[in-house]
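Notes for the one structure printed next.
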Amino acid sequence: MVLSATLFESSNFFALFSLPSGWQIDRSLLDARYRKLQQEFHPDRFASKGDVEKRLALQTTSLINQAYDTLKSPLKRAQYLLQLQDLDAAQESHITSDGQFLMKQIEFREALGDLNESADPMTALDTMRSNVQSQYLQLQNDFEVQYLAANYNDALDTVAKMQFFSKLLDEIDQREEELEDF
């Protein structure tokens, strides 16, 4: 078995999985094609091959994993779509100038910090998670509309907001683990 060079010829993650390039993806199709590619190019299948083929198998598997991780994550997929438009949306330094959004960030941070003072911290955390997920989903919908309209500057601003909500959801999960340990 010879590793297919076509995987490396295309740096487009959508092409790697034979998916149309765009915001909407068929997650079950992505998952199925990921499993098929992993099965085909898993390094264990090349254990008896030469060093070059072993190295290529590792590189191919790494590319497949990176592409899958990017496409399955709404934030990473949005950043990647903008990257395909020559915009660097992965910059942590890009922040929004939306004053209302910045105030909402402060409110969420304060509410997360004040959870211990709540009569029922787990219920308060669940309520916060639901609110954050709802707003994160709305931002994803906003991004799709902006991206499809080729309004990339607004889409870039929306990705900055999505970054905040993605991090906040991670912090909520971490906080939940801390509360469960008590």
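In the numbering used here, the protein residues as written are 1482 to 1663.
In this text, a Cβ means the ideal position worked out from N, Cα and C, and glycines have one as well.
Contact between Phe1589 and Leu1660 is ruled out by a C-beta separation of about 17 angstroms, above the 8 angstroms threshold. Around the Cβ of Val1626, a 10 Å sphere holds fewer than 16 other Cβ atoms; the residue is exposed.
Contact check for Thr1551 and Phe1624: beta-carbon distance about 15 angstroms, past the 8 angstroms limit, so the pair fails to qualify.
A residue is called buried once 16 or more other Cβ atoms fall within 10 Å of its Cβ, and Leu1637 is buried on that count. Between the region 1613-1621 and the region 1526-1546 there are fewer than three inter-stretch CB-CB distances shorter than 8 angstroms, so the stretches are not counted as touching. DSSP places Gly1580 in the helix class (H, G or I) of the three-state scheme. Phe1645 and Gln1586 have their C-alpha atoms roughly 8 angstroms apart.
In this model, Asp1662 and Gln1566 are separated by some 45 angstroms (Cα to Cα). Separation of Gly1594 and Ala1513 (C-alpha to C-alpha, rounded to the nearest whole angstrom) is 41 angstroms.
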